[in-house]
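Each residue of the sequence shown is one higher than the one before, starting from -13 at the first, in my numbering. Scroll down for the structure; my scribbles are underneath it.
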Amino acid sequence: MRGLLPPFVGADATTQDRSPYPATMAEVVTQLGTTPQRRQLLRNLIAYRALLASDGYQSGIQFIDGSFVENVEGAANRSPSDIDVFSILSAPRSMPLT
């Protein structure tokens, strides 16, 4: 199938050295906020997370991906232009589920 990742074929697909890699926001900032452009993208991500929290979203998980988590500066001689984020959130208690 085109556009889908193939299944893992190998020794053990559950080792801790495989993605996703759990990290705190502080760890993400420390490890990936290495340039002014990256730090601005991280400020935007933190503002987005604050907006979610202000709307009552207090529990969930976010996956960060794309060129932001790669060495795009070395590989493509450019800065990342965005952060790809996929969020799975628990609805706030005040939000009616319809």
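Built from N, CA and C at the ideal position, the CB exists for glycine as well.
So which of the options has the shortest CA-CA distance to residue i?
i   : options             : result
S73 : L31, R4, S5 and L27 : L31
S40 : P78, D(-2) and T0   : P78
A33 : R4, F49 and M11     : M11
Is the beta carbon of residue i less than 8 Å from the beta carbon of residue j?
i   : j   : result
G52 : D70 : yes
A24 : P66 : The displayed chain sequence assigns Arg, not Ala, to residue 24. Going by C-beta atoms, R24 is nearer than 8 Å to P66.
V55 : L18 : yes
S68 : L38 : The question names Ser, but residue 68 in the sequence shown is Asp. No, these two residues do not count as a Cβ contact at 8 Å.
Where does residue i fall in DSSP's three states?
i   : result
I50 : strand
S40 : helix
I32 : helix
Do you know how far the Cα of residue j is from the Cα of residue i?
i      : j     : result
T20    : A62   : 16 Å
G42    : A(-3) : 42 Å
R4     : P22   : 28 Å
V14    : P6    : 13 Å
M(-13) : F49   : Residue placement at M(-13) is poorly supported in this model, since its pLDDT is 46, which falls under 50; the coordinates are not used for a value here.
L75    : R64   : 32 Å
G60    : P82   : 47 Å
T0     : R29   : 32 Å
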